[in-house]
Every structure is written in structure tokens, then in C-alpha cells.
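*Asks:* After the C-alpha cells below, expect a handful of questions from me.
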Amino acid sequence: MSTEGLNETPATPETAPSNFIRDIIIQDNKTGKHGGRVHTRFPPEPNGYLHIGHAKSICLNFGLAKEFGGKCNLRFDDTNPSKEETEYVDSIINDVRWLGFDWEDRLFYASDYFEQLYQWAIQLIKQGQAYVCDLTAEQVRETRGTTTEPGTESPYRNRSVEVNLDLFQRMRAGDFPDGSRTLRSKIDMASPNFNMRDPVMYRILRAEHHRTGNDWLIYPMYDYTHGECDSIEGITHSICTLEFEDHRPLYDWYVESLGIHRPQQIEFDRLNLTNTMLSKRKLLLLVQKGYVSGWDDPRMPTLSGIRRRGYTPEALRAFCGSIGVSKTNGTIEFPLLEHHIREDLNARAARVMAVVDPIKVIIDNYPDGQTEELEAANHPDKPEMGMRKVPFSKVLYIERDDFREVPPPKYYRLFPGQEVRLRYAYFIKCVSVVKDSNGEVTEVHCTYDPASRGGNSPDGRKVKSTIHWVSAEHALTFEARLYESLLLEDAPQSDDIATQLNPTSLVVKANAKIEPSVKGAAPNTHFQFERVGYFNVDLDSTDEKLVCNRTVQLKDTWAKIAKK
RNA sequence: UGGGAGAUCGUUCAACGGUAGGACAGCAGACUCUGACUCUGCUUAUCGGGGUUCGAAUCCCUGUCUCCCAGCCA
């Protein structure tokens, strides 16, 4: 045991907190398995936008490479042109970069290797390990067998090498219609692993590819492609998610049959998060059906959505580092993500006063028409972030929730007879209220103590509460977009997305008020609206109209007390 | 049902035959010009049953439960 941290051992690969993949790499480096090299890759298919689940994989792959002085490639797995688009390629490049990772000059595409893959397919045909099959998709399915029964061999399985070579060449040349033939691996129709029952390597598909256009009429399947791409790039550790465990024997079969460099496939559990969905298919549905405004809707778990919401790459990286890597298949609680964004923003975001749901306060004994400027700190713990001036006058707005005509137990904000502090300003005491015909309070009348200017009374008098405010005359009106989780707390497990959506996932406050100092703030500037939450300036903001997104609420002890 | 993988506080990750620990969440308190932050303390776990061992979360056997697989998707 260490002696009270006297000679603290520096963190080494052996002593730092680890995970099973890191352990494998450490072990491999010890045995010299890959010559001490660490080369990983992040291989998305460009068929949608990246989400937080991908962030876990990105941080893992790039993080491991960085830690061990290795490299990590960005490679697009673009073997199915019917689903892939340049729009997705661009967004993925942008998102990985935003997350803070650099693939240097190693941006690759599976489609870069189409010709090589084709040549290797010919090699497998020549080795008697691949054949052209004329069965239809339906027939292939019917002959695949079941969990308990072996499949039956294709009648085309034993064609001669010459015939196979000719047919395969003609598949490429366009002699046959889509779906009429495939190139299959000759492995084992009786294997308990379905992936080994003569898997399809190539299909005939007349679809325009986002990079190769109409050059190809046949496209390689994932299983045939992935290991070889890894091999070409010299990947040492090919990290993927759990559902590919069953594919590993096939991955190995291809690189071994071809006699090329064999990377090691390692599977880990994909990220699951409560209160949101991380399936590309469902996210696409949300976009298509208009439940959200787009892939970058701030409620979306996509990197572009979460970025617009105000999450930072630093927070996301910290989150990914904290969730660990295993094969357990668990679900992370959303509050852990919120914890990390609060932690990051608490350290960096400038404080500002904004009233999201305003109610008018009139200081009866404050001179009409008078304005003064009060000093406010931009950050309570960071004097280097400076001070700013906040205008004060007779008519103010405070948060509606900060006033109660009849205070509940333990409520110590403003109510008739109660004295509170206006942050950085004065002590005020509520003396009366004005109501409209519905009995709703429209004005709260107070008196202030001029001696308490700046926020403290010379007589040492204490107040229980400090509330935030803006001057009605000086405040900017802005639109506050208040977000909650996309899905209901106890969302029913079903494919019907509509029934799972949280109806209050977005609440727009069009008449929110904010101190004038924020005027002109650039999009994506982060603020803490004191006592309310962390917000950032939305892309929709213009010079005339400020729009802010609530990134995350501040922790709210009062809300818990009030609930009891 | 055949194959593959997994099971440790509420959640998640660690402990790699030698004191079950951290983070988040929760609870209680201190501090506070943010009911924020910070700080202090507390609650709670080795899936069941056998074995091996001086000693088992860890090794062995057995049972149970959960996840993945029968695309010409990735």
C-alpha cells in the first residue's frame, strides 16, 4: 500500500484506471503482437448523422491511439450506395472534428478499395473459396436452414473456377439484372453460426454511389469488406460493437484465406442512454415525420443537435471517459451526461441575469426616471473574467416563480412582508400586489432600502434569499427555448414513436427578458442565466431577435423541497 | 430450440486468489449576494446452489436470468 501519498506512483499504463480493451493492448504491446503498434479506426457508414453513441466509439478509438502513441483513421464504410449520401459524409467529418479529434491525412473510404476487393474476390474464386450463385434472395433465405437445422447447399456451389470467373466478371460488366446473382463464400452450410453459411460477398446493385458514381454495378457486403479494409490500412485493433461478435469468425476467415495482415477484432457494448433514442432508424423517423425540426434539433441526441443545444466537446469527452467500456450492455442514466455538461459550463460560462417568465416589480420609493448602473461579477470564482455594469431602475422584472402571494412552507423568496436581496442591487420588501380581473398578480409593489446598495445592508441585516432581476426599461426581450428530454420518463417500449414523445420537450418563452450586456453575443456563446440554467445563443438568433437554448437546468434543491 | 456474449450498490465502471472501491443518483448537514458551486457525512451490491483453497467477486461444476444472430443492411 502507498504511504499516505508521499511518493505517489505516477500513472502508468499498468496502474491507470483501465478497461478490457486497454488491457488487451497493454498485453499485446508486451508480447509484441503487432510490433508494439497501435492503429485503430472509426468506421461510420455515411447513412445518417452521428450521435452520442458514436461519440463513445470515437473517443475510444482516437483516445486509445493517442494514449499509446498510435494512429486512428477515419474511414467511411460506404458499401451500400442506396443508403449513403455526401451530406452525411460532410456532417460526420464536421462532427468528429468538432469533438476534437484529428485523423491527419488518413481519411479513407471503403470505396477507395473497390478494385482491390474485386481482385481479392477473384483470388478467392481461384482458391475455390467463392462461387457465383443464381439463387434469388428468397431462395437463399429458404436454404439457409434454422437454428437447429443446417442449411442446404446451393446447386451452384460447385461450379468450376472458370465458370465462376466468367460469371463474376459478367456480373461486374452488367450482363445480369439486379439481384439475379451473388458471389458467395464457400464455407459451411451446416455451421451453427449463420454468418458462415456461405455468406454473400457481392450483390448486383444498380445504384449511384456518392463517390464512384456509376462505375460499379456490384457492391461488396460489409463482412467481406471490413476486415480487408482494416488489413490494408494496417489496423491493429479493430474495435466494434457487441452485435458483431458472431461476425468475427468470418472476419478472420477472409483475411486468413487471403493471406493478408490480420487485425484483431474486439467488441464492446454500445452506449444506451435513458430518456432518448440512439437508433439511426428511429432518429431518421423523427426527422422525416417532423417531430423535430431536423437532425440538429437541440432535442436530438445527434452530435449536431447536442452541439446546438449547447453541449461542449469537452463535456462529451469527459462523459465518454467516465462511462467505461465493457461488454455488459447497460444503460447509462441521462443525469450523468447532465452532470458533465454542468461541470464544464460551471467552470467557463459567464454569468448573466435573465428572467424567463417575467412578473413586474415596482419599487414604490425609488425615484421616477432614475437609472443607475450596478457592478456585477461575470463569474463568482474567476475574478479574471471581470465585471460588468447592470442597469437598475424603478420598474423591474423578476421570475414569476420567485414571488408567492401565499408562500408554501420553507419558501423564502419574495412574498408580502418578506425582504429579499436583488442580486448586486438592493434589499427590497414586498408591500402590496395588483391583480387583474382573473385574480392573477400583475404587479408586485415593493420598497427598497437605499442603504443596501450593492447588496449589503450596513446594519448587518441578513436576508434569506437573493433573487435575480432585470430593469424593464433596459432589458432585451428574447426567446427562451426550454428543452426537456425527448422521451417520456416511463416511455412505453414500442415502435410507435409518437406515444413515447415528451409533449413538453420544448417550451418556448417568447417574452423572456435579459440584461442588455448580452447584446450582440455570437451564436453558441454559453451563459449561465443565474439561478435558471445554462443557455447558449441559438443559430436562429438575429440582430433583432435573440434566441437562447436552455442547455441544462441548474440543480434545483427548492424544486425537490416543493415537491414533498 | 442451435450458436455467440454477459450477470458486482438504484445506475455505471473498478477490484485480475488477499480490506468489495469510485463516479452519477439519493438522503442528511455545513457554507453561500445563485436553494448554484464547494465541502462533510450517510444509505445500498458480488444472480442461486455446490466445490477447490489458509483465503473466492475472481478458479471449477451446475442452475437461473438478460442481450445478440436466420438482410443480396452496416
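Numbering (the numbering used here) for the first sequence: 4 to 567. Yeah, the Cβ is synthetic: ideal placement off N, Cα and C, and Gly gets one too.
At which residues does the beta strand (DSSP E) containing residue 219 begin and terminate?
*Replies:* By one-based count along the first sequence, residue 219 stands at place 216. Run containing residue 219: none; DSSP gives neither H nor E here.
*Asks:* In whole angstroms, what separates the C-alpha of residue 270 from that of residue 55?
*Replies:* In the first sequence, counting from the first residue as 1, residue 270 sits at position 267. In the first sequence, counting from the first residue as 1, residue 55 sits at position 52. Going by the C-alpha atoms only, they are around 18 Å apart.
*Asks:* By a C-beta neighbour count over all protein chains shown, 10 Å radius and 16 as the cutoff for buried, is residue 536 buried or exposed?
*Replies:* Stepping through the first sequence from its first residue, residue 536 is reached at position 533. Buried.
*Asks:* Please classify residue 233 as buried or exposed, where buried requires at least 16 neighbouring CB atoms within 10 angstroms.
*Replies:* Along the first sequence, one-based indexing puts residue 233 at 230. So residue 233 ends up on the buried side.
*Asks:* Per DSSP, which one or two residues make a beta bridge with residue 201?
*Replies:* Within the first sequence, residue 201 is the residue found at index 198, counting from 1. Note: residue 201 sits in no beta bridge, so no partner.
*Asks:* Within 10 angstroms of its Cβ, does residue 347 collect 16 or more other Cβ (buried), or is it exposed?
*Replies:* Position 344 of the first sequence, counted from the first residue, corresponds to residue 347. Flag for residue 347 reads buried.
*Asks:* Could you please give me the residues that DSSP links to residue 29 through a beta bridge?
*Replies:* As a working mapping, residue 29 is identified with position 26 in the first sequence. Answer by DSSP bridge pairing: none, since residue 29 is not bridged.
*Asks:* Distance, Cα to Cα, residue 46 vs residue 273?
*Replies:* Residue mapping note: residue 46 aligns to position 43 of the first sequence, counting from 1. Residue mapping note: residue 273 aligns to position 270 of the first sequence, counting from 1. Cα to Cα, the separation comes out at about 14 Å.
*Asks:* Tell me which residues share the same chain as residue 418 and place their Cβ nearer than 8 Å to its Cβ, disregarding the 5 neighbours each side in the sequence.
*Replies:* If you number the first sequence from 1, residue 418 lands on position 415. Cβ within range, chain order: 406, 407, 408, 409, 410 and 433.
*Asks:* Please classify residue 87: is it buried, with 16 or more other beta-carbons within 10 angstroms of its beta-carbon, or exposed?
*Replies:* Numbered from 1 along the first sequence, position 84 holds the residue referred to as residue 87. Per the 10 Å Cβ criterion, buried.
*Asks:* Anyone know if the C-beta pair for residue 474 and residue 370 falls short of 7 Å?
*Replies:* Your numbering for residue 474 matches position 471 in the first sequence. Your numbering for residue 370 matches position 367 in the first sequence. Not closer than 7 Å, so no.
*Asks:* I'd like to check one pair, residue 205 with residue 223: are the Cβ atoms closer than 7 Å?
*Replies:* Stepping through the first sequence from its first residue, residue 223 is reached at position 220. Stepping through the first sequence from its first residue, residue 205 is reached at position 202. For residue 223 and residue 205, yes; Cβs fall inside 7 Å.
*Asks:* Name the DSSP bridge partner or partners of residue 536?
*Replies:* Position 533 of the first sequence holds residue 536. DSSP lists 532 and 556 as partners of residue 536.
*Asks:* Could you check what DSSP says for residue 525 in three-state terms: helix, strand or coil?
*Replies:* Position 522 of the first sequence holds residue 525. In the structure shown, residue 525 sits in coil (DSSP, three-state: anything other than H, G, I, E or B).
*Asks:* Given this structure, state the Cα-to-Cα distance separating residue 61 from residue 447, to the nearest angstrom.
*Replies:* Along the first sequence, read from residue 1 onward, the residue named residue 61 stands at position 58. Along the first sequence, read from residue 1 onward, the residue named residue 447 stands at position 444. Their Cα atoms are separated by approximately 53 Å.
*Asks:* Out of 133, 95, 68 and 42, which has the shortest C-alpha to C-alpha gap to residue 51?
*Replies:* Mapped onto the first sequence, residue 51 falls at position 48. Closest option to residue 51, Cα to Cα, is 95.
*Asks:* Using the Cβ count rule (16 or more neighbours within 10 Å means buried), how would you classify residue 331?
*Replies:* Locating residue 331 in the first sequence gives position 328, counting from the first residue. Exposed is the call here.
*Asks:* Looking at C-alpha atoms only, which residue of 170, 225, 231 and 528 is the closest neighbour of residue 134?
*Replies:* On the first sequence, position 131 is the one that residue 134 refers to. The option with the nearest alpha carbon to residue 134 is 170.
*Asks:* Report buried or exposed for residue 423, applying the criterion of at least 16 other Cβ atoms within 10 angstroms of its Cβ.
*Replies:* The residue labelled residue 423 in the question sits at position 420 within the first sequence. Buried: at least 16 other Cβ atoms inside 10 Å.
*Asks:* Out of curiosity, what's the CA-to-CA distance linking residue 534 and residue 469?
*Replies:* Taking the first residue of the first sequence as position 1, residue 534 is located at position 531. Taking the first residue of the first sequence as position 1, residue 469 is located at position 466. For residue 534 and residue 469, the gap between their C-alpha atoms comes out near 10 Å.
*Asks:* Taking the alpha-carbon of residue 368 as reference, which of 387, 429 and 343 has the nearest alpha-carbon?
*Replies:* Within the first sequence, residue 368 is the residue found at index 365, counting from 1. The candidate whose alpha carbon is nearest that of residue 368 is 429.
*Asks:* Could you tell me if residue 186 is buried or exposed, where buried requires 16 or more neighbouring beta carbons within 10 angstroms of its beta carbon?
*Replies:* Stepping through the first sequence from its first residue, residue 186 is reached at position 183. Residue 186 should be labelled buried.
*Asks:* May I ask you to report which of helix, strand or coil DSSP gives residue 328?
*Replies:* Taking the first sequence and counting its residues from 1, the one referred to as residue 328 is at position 325. In this structure, residue 328 counts as coil in the three-state DSSP scheme.
*Asks:* Kindly indicate the opening and closing residues of the alpha helix (DSSP H) around residue 337.
*Replies:* Numbered from 1 along the first sequence, position 334 holds the residue referred to as residue 337. From DSSP, the alpha helix (DSSP H) with residue 337 extends over 337-351.
*Asks:* Are residue 555 and residue 344 touching if we call contact CB-CB under 7 Å?
*Replies:* Within the first sequence, the letter at position 552 stands for residue 555. Within the first sequence, the letter at position 341 stands for residue 344. A contact, by the Cβ cut-off of 7 Å.
*Asks:* When DSSP labels each residue in this structure, what does residue 545 get in the three-state scheme?
*Replies:* Here residue 545 is taken as the residue at index 542 of the first sequence, counted from 1. It is coil, neither helix nor strand.
*Asks:* With DSSP as the reference, label residue 5 as helix, strand or coil.
*Replies:* Your numbering for residue 5 matches position 2 in the first sequence. In this prediction, residue 5 has a pLDDT of 29, which is less than 50 and means its spatial position is unreliable; nothing more can be read from the coordinates.
*Asks:* Residue 287 and residue 335: beta carbons closer than 7 Å?
*Replies:* Counting from one through the first sequence, the residue named residue 287 turns up at place 284. Counting from one through the first sequence, the residue named residue 335 turns up at place 332. No, the Cβ-Cβ distance between residue 287 and residue 335 is not below 7 Å.
*Asks:* Provide the residue span of the alpha helix (DSSP H) that contains residue 290, from first to last.
*Replies:* Here residue 290 refers to the residue found at position 287 when the first sequence is read from its first residue. First-last of the alpha helix (DSSP H) with residue 290: 283-291.
*Asks:* Drop a sphere of 10 angstroms on the beta-carbon of residue 522, count the other beta-carbons inside from all chains shown, and report buried for 16 or more, exposed for fewer.
*Replies:* Your numbering for residue 522 matches position 519 in the first sequence. Result: exposed.
*Asks:* In whole angstroms, give me the CA-to-CA distance for residue 543 and residue 329.
*Replies:* The residue labelled residue 543 in the question sits at position 540 within the first sequence. The residue labelled residue 329 in the question sits at position 326 within the first sequence. Straight-line Cα distance between these residues: approximately 40 Å.
*Asks:* Determine the direct distance from the alpha carbon of residue 285 to that of residue 211, and round the result to whole angstroms.
*Replies:* To locate residue 211, count along the first sequence from 1; it is residue 208. To locate residue 285, count along the first sequence from 1; it is residue 282. Using only the alpha carbons, I get a separation of about 25 Å.
*Asks:* Since residue 261 and residue 236 are thought to touch, with beta carbons under 8 Å apart, how far apart are those beta carbons, to the nearest angstrom?
*Replies:* For the purposes of this step, residue 261 is taken as residue 258 along the first sequence, with counting starting at 1. For the purposes of this step, residue 236 is taken as residue 233 along the first sequence, with counting starting at 1. Their Cβ separation, rounded to whole angstroms, is 15 Å, which puts residue 261 and residue 236 out of contact at 8 Å.
*Asks:* Whole angstroms is fine: what's the gap from residue 383's alpha carbon to residue 351's?
*Replies:* Position 380 of the first sequence holds residue 383. Position 348 of the first sequence holds residue 351. One alpha carbon belongs to residue 383, the other to residue 351, and they sit about 11 Å apart.
*Asks:* For residue 390, which of helix, strand or coil comes out of DSSP?
*Replies:* As a first step, residue 390 must be located in the first sequence, where it is residue number 387. Note: residue 390 maps to strand in three-state DSSP.
*Asks:* Closer than 8 Å is the cut-off here; do at least three beta carbon pairs connect the stretch 141-150 with the stretch 116-127?
*Replies:* no
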